[in-house]
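Asks:
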Amino acid sequence: MSVTVMIVDDSKLARIVASKAVAELQPEWTKVEAGSAAEALELVAAQQVDVALIDFNMREKDGLELAAELRVMRPEMPFAIITANIQDEIVKRAREIGAGFVPKPVTADGLEAFLSGAALSLRSQRA
Amino acid sequence: MTGESITLAELERDALTEIVNIGVSRAASNLRKMIGDQVFLSVPSIEVVSQRRAARLISEREVSELIAVRQDFNGAFEGRALLIFPETNSLELVRAVTGNELSPQEIIDIETEALAETGNVILNSCLATMANMLKRSLTMSIPEVVRGTGASLFEVEGHGGGEGLVLFLYIDFAVRTRDIRGYIAMIMDLPSLTTLKELLGDFIARVVGDDG
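Protein sequence lines correspond, in order, to chains D and S. Residue numbers for the first sequence follow the numbering used here, so the first one is 132 and each next one is one higher. Residue numbers for the second sequence follow the numbering used here, so the first one is 334 and each next one is one higher.
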């Protein structure tokens, strides 16, 4: 099953870290990166994206706003908000738009539950 | 300049120290995850001082240029959080968080961005933990990397020449195997301190219970 995961973060370092964690858990998945919400929307319009990991704290448009737009464009897509801002409100807002929540710094342990859930949901969508 | 205009009662100070401790411990545990080495923390110091005095507290101990990641927060109370370390430690920290995988040139290229992201993780986890414990939400700005001396890091440009009173919290941290050390500092102005006092009162009431 070919799966493309999009990593959205305005920090290159954060993208490297998230990308390593994804590679550890799902080595076969293709990874694409976006440095902003605008780039992420372009990517989703232009190519296959099945799963997204979205940083919360970004300039211009934050991760929750991007996630809300993606939810409209792609109601079935599994995605998670990544942030060190673990305030109850942020977690709640992520849940409300049906996004997972992964605390920063992203580790394979922290990402595992979300990625296996996403893999499962993709399998059932494609079945 | 003294902090007579507002003081924290003993229990309020204990509660604030406890909340900061938990926030900073979570921040340290995240830094540990990022660099894979133990991070040592001091007990937080909490003082109401002038901005000038806050600057001196850092510059008395640090003669070299400093580098800081700065993030403003606002909401029920507002202020500025800083992750500060000697500029000479900066590339070592970047090397540590990038896991020794980048070339020396790549480390230089990514320096500012990697520091901003590291600061973002450290300061956000600390502030978010405090916000959750005080049951108020805080909005955090995008992190900024600034270079300068203790004085320039703490002076608010164009306001009162550093005489304004601030609540100054700071904690030393060190990664002994890496020669990395620095401070996490937080400054809040007096109106925020008044709100903070009330929130600490609520927190104490929740923790101690009605019959405490």
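All C-beta atoms in this analysis are idealised placements derived from N, C-alpha and C, irrespective of residue type, glycine included.
Quick check on DSSP: helix, strand or coil for D/Ser252?
Replies: The residue given as residue 252 of chain D occupies position 121 in the first sequence. Three-state DSSP puts D/Ser252 in a helix.
Asks: Tell me, to the nearest whole angstrom, how far the beta carbon of D/Leu144 is from that of S/Val430; I am working on the premise that it is less than 8 Å.
Replies: Locating residue 144 of chain D in the first sequence gives position 13, where the first residue counts as 1. Locating residue 430 of chain S in the second sequence gives position 97, where the first residue counts as 1. Confirmed, about 7 Å.
Asks: Which two residues bound the contiguous beta strand (DSSP E) that contains S/Ala401?
Replies: Locating residue 401 of chain S in the second sequence gives position 68, where the first residue counts as 1. 399-408 is the extent of the beta strand (DSSP E) around S/Ala401.
Asks: If you follow the beta strand (DSSP E) that S/Met463 is in, where does it begin and where does it stop?
Replies: If you number the second sequence from 1, residue 463 of chain S lands on position 130. First-last for S/Met463: 437-467, but that is the alpha helix (DSSP H), not the beta strand (DSSP E).
Asks: Exposed or buried, which one is S/Glu393 when buried takes at least 16 other CB atoms within 10 Å?
Replies: Mapped onto the second sequence, residue 393 of chain S falls at position 60. By the neighbour-count rule (16 or more Cβ atoms within 10 Å), S/Glu393 is not buried but exposed.
Asks: With distances taken between CB atoms, is the gap from S/Ser375 to S/Ile513 smaller than 8 Å?
Replies: By 1-based counting over the second sequence, the position of residue 375 of chain S is 42. By 1-based counting over the second sequence, the position of residue 513 of chain S is 180. Going by C-beta atoms, S/Ser375 is not nearer than 8 Å to S/Ile513.
Asks: For a contact meaning CB atoms closer than 9 Å, what does D/Leu184 contact in chain S?
Replies: For this step, residue 184 of chain D is matched to residue 53 along the first sequence. The contacting residues do not exist; D/Leu184 stays about 15 Å from chain S at best.
Asks: With C-beta atoms as the reference, is S/Val474 less than 8 Å away from S/Gln371?
Replies: For the purposes of this step, residue 474 of chain S is taken as the residue at position 141 of the second sequence. For the purposes of this step, residue 371 of chain S is taken as the residue at position 38 of the second sequence. Reading off the sequence, residue 474 of chain S comes out as Ser, not Val. It is not a contact, given that the beta carbons lie outside the stated cut-off.
Asks: Could one say the Cβ of D/Ala145 lies closer than 8 Å to chain S's Cβ atoms, at least one of them?
Replies: On the first sequence, position 14 is the one that residue 145 of chain D refers to. So yes, D/Ala145 belongs to the interface.
Asks: Are the Cβ atoms of S/Lys530 and S/Glu345 separated by less than 8 Å?
Replies: Position 197 of the second sequence, counted from the start, is the residue given in the question as residue 530 of chain S. Position 12 of the second sequence, counted from the start, is the residue given in the question as residue 345 of chain S. In contact: S/Lys530 and S/Glu345 (Cβ atoms closer than 8 Å).
Asks: Kindly give me the distance between the Cβ atoms of S/Ser470 and S/Gly408, rounded to whole angstroms, as I take these residues to be in contact under 8 Å.
Replies: Residue numbering aside, residue 470 of chain S sits at position 137 when the second sequence is read from its first letter. Residue numbering aside, residue 408 of chain S sits at position 75 when the second sequence is read from its first letter. About 5 Å separates the two Cβ atoms, so the contact holds.
Asks: Would you list the one or two residues that DSSP bridges to S/Phe373?
Replies: Here residue 373 of chain S is taken as the residue at index 40 of the second sequence, counted from 1. Partner(s): S/Ala507.
Asks: Going by alpha carbons, who is nearest to D/Asp240 out of S/Ala484, S/Lys366, S/Ser485?
Replies: Reading the first sequence from its first residue, position 109 is the one you call residue 240 of chain D. Of S/Ala484, S/Lys366, S/Ser485, the residue nearest in Cα terms is S/Lys366.
Asks: Under 8 Å between C-beta atoms, does D/Arg190 make it to chain C?
Replies: The question asks about chain C, but that chain is absent: this structure's protein chains are D and S.
Asks: I believe D/Ala225 touches D/Ile212 by the beta-carbon criterion, under 8 Å. Please report the beta-carbon distance rounded to the nearest angstrom.
Replies: Position 94 of the first sequence, counted from the first residue, corresponds to residue 225 of chain D. Position 81 of the first sequence, counted from the first residue, corresponds to residue 212 of chain D. About 4 Å separates the two Cβ atoms, so the contact holds.
Asks: Just the C-alpha distance for S/Cys459 and D/Arg146, rounded to the nearest angstrom, thanks.
Replies: Your numbering for residue 459 of chain S matches position 126 in the second sequence. Your numbering for residue 146 of chain D matches position 15 in the first sequence. Computed Cα separation, rounded: 22 Å.
Asks: Would S/Ile355 pass as an interface residue toward chain D - the criterion being a Cβ-Cβ separation below 8 Å?
Replies: For this step, residue 355 of chain S is matched to residue 22 along the second sequence. No, no contact with chain D.
Asks: Taking 8 Å as the threshold (C-beta atoms), are S/Asn457 and D/Thr238 in contact?
Replies: Looking up residue 238 of chain D in the first sequence gives position 107. Looking up residue 457 of chain S in the second sequence gives position 124. It is not a contact, given that the beta carbons lie outside the stated cut-off.
Asks: Assuming S/Ser474 is part of the alpha helix (DSSP H), what are its boundary residues?
Replies: By one-based count along the second sequence, residue 474 of chain S stands at place 141. That residue, S/Ser474, is in no alpha helix (DSSP H); it is neither H nor E in DSSP.
Asks: Put S/Pro524 into one of helix, strand or coil per three-state DSSP.
Replies: Numbered from its first residue, the second sequence carries residue 524 of chain S at position 191. Three-state DSSP puts S/Pro524 in a helix.
Asks: Quick one: grab the DSSP three-state call for D/Ser133.
Replies: The sequence position of residue 133 of chain D within the first sequence is 2, counting from 1. In the structure shown, D/Ser133 sits in coil (DSSP, three-state: anything other than H, G, I, E or B).
Asks: Could you pull the DSSP bridge partners for D/Ile138 from this structure?
Replies: Taking the first residue of the first sequence as position 1, residue 138 of chain D is located at position 7. DSSP, once it has assigned bridges, lists D/Glu164, D/Leu184 as partnering D/Ile138.
Asks: Apart from the five residues on each side of it in sequence, which residues of its chain come closer than 7 Å, Cβ to Cβ, to D/Gln256?
Replies: On the first sequence, residue 256 of chain D is found 125 positions in, with the first residue counted as 1. Here the set comprises Glu207.
Asks: For S/Asn560, tell me which candidate among S/Phe373, S/Glu420, S/Asp522 has the shortest Cα-Cα distance.
Replies: Residue 560 of chain S is absent from the structure shown; chain S starts at 334 and stops at 545.
Asks: In three-state terms, what does DSSP make of D/Glu191?
Replies: For the purposes of this step, residue 191 of chain D is taken as the residue at position 60 of the first sequence. Coil, per DSSP.
Asks: Quick one: Cα of S/Gly491 to Cα of S/Leu498, how far?
Replies: As a first step, residue 491 of chain S must be located in the second sequence, where it is residue number 158. As a first step, residue 498 of chain S must be located in the second sequence, where it is residue number 165. At S/Gly491, the pLDDT of 49 sits below 50, so the modelled position is not reliable and the matter cannot be decided from this model.
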